[in-house]
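Listed in order, the protein sequences are those of chains Y and L.
If you use this note's numbering, the first sequence corresponds to residues 1 to 492, in order.
If you use this note's numbering, the second sequence corresponds to residues 1001 to 1306, in order.
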Amino acid sequence: MLIIRNEIRKGLYLDSVALMRAARAIAALPGVEEAGMMMGTPANKEILREAGVLDEAGAQAGPGDLVIAVRVRDADAAAAAMTEARRLLDQPRRSEAGDASWQPRTLRGAVEQMPDANLALISVPGDFAVAEARKGLRRGLNVMIFSDNVPLGQEIALKREARDLGLLVMGPDCGTAIIGGVPLAFANSVPRGDVGIVGASGTGIQEVSCLIANGGRGISHAIGTGGRDLTQEVGGITTFAAIDLLDKDPATRHIVLISKPPAREVAKQVLARVGKSAKPFTLCLIGSRPDAALPANVRFAGTLAEAAEAVLGRKLAAYQGALPKPASAAKLIRGLFCGGTLCSEAQMILQRSGLDVVSNVPVPGAERLGAKRNAHMMIDLGDDEFTRGRPHPMIEPATRDAPLAEALADETVGVVVLDVVLGWGSHPDPAGQLVRALGNWAGTGPMIVASVVGTEADPQVRSSQVRKLADAGIILAASNASATEIALQCVR
Amino acid sequence: MRPVAPISVWGAHARRFAQCHVSAHVMAVFARSFHVQAGGDFVCIGDASIGKGPLNAIVDDGVGWAWAARHLPAEGAEVRIGEGGIKCGRAAFATAETSIWRPPPWPRSGERRVLMHALDDLDRLACEEAPVDGIARVVLGSASLPASALARVAGPRVARLREWASARLTRLTHEPAPVDLLGLGPGLTPSGDDLLCGALVALRAMGQVDAARDLHAAIAAAAPLATTPLSAAFLRAAAEGHSSEALHRTIIALLEHQSVARYVKVVAGIGHTSGWDALAGAVLVLRTFGSMTGQVWRVARPSISL
């Protein structure tokens, strides 16, 4: 004999799509002949009664109550149906995985849901990223490719197709962009303003945009190009497209270009192009200066901080505190970075001062890890060798715990330099995690100097993160370059 | 410093909510919005995807919304409403510079022929696109009733509403409007309520203020026992001629016989069936009106302001 079972949920409000999906899921369970989930209005109770699923309990429901009603084969089926209903209705509704609304599973489905979209952010394994990017371009979307491991030849073909269509391909391996005030992937909350950024460097864009924001100006757009864009092979396709866009954008009044040193011929073309603009440019090439003379509207910046200073028209605040000296034997600087560009910048600054530097991602003039003893070691913990099968240190700061412990235990290390990168995509409390990892350090052993990339509007709130680090005895610098300079002064 | 998410635009009823209440409570929290209730009044605060509407307050600063959404308290928590801001839990919203959304103006006149052609086009679109759930198909797109229990119950009630509208628009009746569609159907705003919302807005669009008032009087009398408080709030707004921007633009497109397909796409995205159900209610009134007007219809428009 069939059983009718009703359960009343008072004060439970789910959007209608979620209710519909839950009702269908219950109706599909074994042993369920009929199911309904409706508000207990008189009209709906009539429907449920007519459908043969209303019992005495359900008949007592008020208009603001949700009635879960089933007609089932037996008591076991009733219990299972109600258990599943409770599970579906009580699912978290604010999880990062999304709410109970239908999510499209294809680019086409997404475009149908959002016909006015003009950008697709692609984060799938590299083998599939190009195909998805091409689908996006052919639907008139600009594309940001977060994925890496895209073959160079495919990047070139994709960017040429985008250029022909008048669209932009940011990437591959583009981890940071800010478009129309919206931070994409790993990016920070910065105010809208009149400074545009074109960058082949994720954390480079992050630090410059944050320094500019903290200095009182804002960002119109920050366009990531992908790390290979300024190579001879790619020829700067996205960089040139980005420059054109920012040049035409009435809201942009100053443009910053951030990159490793480009291929020589590409560098000449870039300089020729920016020289035609009426807008001022700041060119930040980590590690070198272009050979050719700079056009009149272009200013060179050797570090990310200098780029921000060029935009702001003033120097960033210098560190004012006293600098303790490490023990005489402890003269080496160990850098442990989440940001690859910040690691490169630190290497360049140390080399410029005549020091020997080794790294897992050596810049020109530095050597690979292990090549030299008694060299200053700069480690990019976000490089593939550290992140294979593990989260990136910006997402999971605990990735830095072991190398940090090792550095603090090394009697030759006088100063440890760290970057703490805030913003969307980053860990919710990297400073807290770092302080916990330091444990009983309390200023004994090597000193620690850190820079915090972030703003007050970031989810982590920069000042709160800075306070935690300062309370733990860490020396705080205004920028990564400044942190490296402070470390230098400590060991000299 | 706690970030404050600016509410960039809100509907007239959302603004009224903030003017009339100093405290409220969180009624429901969703991924892109949350509902706040005080004394039977509601406001829905969310990101831009909720669309403009009378009860909606939009934070279109994506960063600001994302932070606020992560710090909303649970259902039942207190909400404080002050001059220039709304606070709930650790989330805070600024309203000092919020602009008011008002529905776009209705066309003042048009050709009957044009309206009827547009309604026929919509019927054809509805045949393919209108959801099987809900009650839109009882009005739109199908000559025969679908088989669902809901549609079987709704069919005669829709017919009674149509008869009343026909009689009322020709002033042949002062009978109370039938409101047995109230509370009928799935969702927080039942399908029958959504249909009635669309009917109310369309009556206002055609300048039939008295008819809208009569229909809402019957709804308001029945609502406390017949439907959810949230739905009753939407019906109050509709009675004043305010509904979602998407529905307004679709009705305007019908009156001017613009291509309705793209507007219908937006309306279709409202709730599971709410958008289509509301559109069906509007069509019910527009067809009734169109069948009795002259070659050219004109509306003497009273001004509505809040």
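We put the beta carbon where it would ideally sit given N, CA and C, even for glycine.
For this session: Note down, in chain order, every chain Y residue with its Cβ under 9 Å from the Cβ of L:A1226.
Result: T41, P42, A43 and P63
Exercise. At a cut-off of 7 Å, is L:R1124 close to the ligand NAP when judged by its beta-carbon and the heavy atoms of the ligand?
Worked result: Absence of the ligand NAP is noted for the structure shown, with no ligands found whatsoever.
Exercise. Going by Cα to Cα distance, which pick from Y:D380, Y:L342, Y:A308 and Y:R373 is closest to Y:S359?
Worked result: Y:D380
For this session: State buried or exposed for Y:M1, treating a residue as buried only when at least 16 other CB atoms are found within 10 Å of its CB.
Result: exposed
For this session: Could you list which residues in chain L have their beta carbon closer than 9 Å to that of Y:P104, in chain order?
Result: Within 9 Å Cβ-Cβ: nothing; Y:P104 doesn't reach chain L, min ~12 Å.
Exercise. If you measure from the beta carbon of Y:M38 to each beta carbon in chain L, is any gap under 8 Å?
Worked result: yes
Exercise. If Y:L48 and Y:V67 are in contact, beta carbons under 8 Å, what's the gap, nearest whole angstrom?
Worked result: 6 Å
Problem set entry | Where Y:L152 falls, given that 16 or more other Cβ within 10 Å makes a residue buried | exposed
Exercise. Just curious, the alpha helix (DSSP H) that Y:T225 is in, first and last residue?
Worked result: Taken as a continuous stretch (DSSP letters only), Y:T225 belongs to no alpha helix (DSSP H), as it is neither H nor E.
Exercise. Below 8 Å between beta carbons: does that hold for L:L1235 and L:A1223?
Worked result: yes
Problem set entry | Proximity test, Cβ basis, 8 Å: Y:L488 and chain L | no
Problem set entry | Classification of L:Q1019 by the beta-carbon crowding that lies within 10 angstroms, buried from 16 upward | exposed
Problem set entry | C-alpha distance - Y:L168 paired with Y:L137, whole-angstrom precision | 9 Å
Exercise. Can you tell me the Cα-Cα spacing of L:A1136 and L:A1278, whole angstroms?
Worked result: 8 Å
Problem set entry | Assumed close pair Y:E413, Y:R467 - CB separation to whole angstroms, cut-off 8 Å | Checking the sequence shown, residue 413 of chain Y turns out to be Val, not Glu. With 8 Å as the limit, Y:V413 and Y:R467 do not qualify as a contact, their Cβ atoms being about 26 Å apart.
Problem set entry | Partners in chain Y for L:S1153, counting only beta-carbon separations shorter than 8 Å | It should be noted that the sequence gives Val, not Ser, for residue 1153 of chain L. By Cβ distance, chain Y contributes A43, E46, I47 and E50.
Problem set entry | As assigned by DSSP and simplified to three states, the class of Y:D65 | strand
For this session: Output the distance between the C-alpha atoms of L:A1237 and Y:K260, rounded to the nearest integer angstrom.
Result: 58 Å
Exercise. Per DSSP, what kind of secondary structure is L:S1303 in: helix, strand or coil?
Worked result: With a pLDDT of only 41 at L:S1303, under the threshold of 50, the placement of this residue in the model should not be trusted, and no figure is reported.
Exercise. If the cut is a Cβ gap below 8 Å, which residues of chain L does Y:P115 touch?
Worked result: R1262 and K1265
For this session: Closer than 7 Å by beta-carbon distance: list the chain L residues that pair up with Y:A457, in chain order.
Result: P1003 and V1063
Exercise. Applying a beta-carbon distance threshold of less than 7 Å, which residues of chain Y neighbour L:A1028?
Worked result: Y13
Exercise. Around the C-beta of L:P1302, are 16 or more other C-beta atoms found within 10 angstroms, so that it is buried, or is it exposed?
Worked result: At L:P1302, the pLDDT of 46 sits below 50, so the modelled position is not reliable; the number obtained from the coordinates is stated separately. Exposed, by the Cβ-count rule.
For this session: Take Y:S353 and list the residues in its own chain whose beta-carbon comes closer than 7 Å to its own, dropping the five residues that flank it on each side.
Result: L488
Exercise. By a C-beta neighbour count over all protein chains shown, 10 Å radius and 16 as the cutoff for buried, is Y:E406 buried or exposed?
Worked result: exposed
Exercise. What residue does the beta strand (DSSP E) around Y:H376 start on, and which one ends it?
Worked result: H376 to D380
Problem set entry | alpha helix (DSSP H) segment containing L:W1164, residue limits | A1149 to L1169
Exercise. Quick one: what does DSSP say Y:S220 is sitting in, helix, strand or coil?
Worked result: strand
Exercise. Do you know how far the Cα of Y:R289 is from the Cα of L:A1069?
Worked result: 45 Å
For this session: Note down, in chain order, each residue of its chain lying with its Cβ closer than 7 Å to the Cβ of L:T1095, except the 5 sequence neighbours on either side.
Result: I1007, A1018, G1084, G1085 and I1086
Exercise. Taking 8 Å as the CB-CB cut-off, is Y:M20 touching chain L?
Worked result: yes
Problem set entry | Span of the beta strand (DSSP E), counted from its first residue to its last, around Y:R9 | I3 to K10
Problem set entry | Any beta strand (DSSP E) of 3 or more consecutive residues that is wholly inside the stretch 150-205 of chain Y | 176-179, 182-185 and 192-199
For this session: Give the single residue among L:V1063, L:M1027 and L:G1040 whose Cα lies nearest to the Cα of L:A1233.
Result: L:G1040
Exercise. Where does Y:A278 land, buried or exposed, given buried means 16+ other C-beta within 10 angstroms?
Worked result: exposed
Problem set entry | One or two residues paired with Y:L418 in a DSSP bridge | Y:L336 and Y:A450
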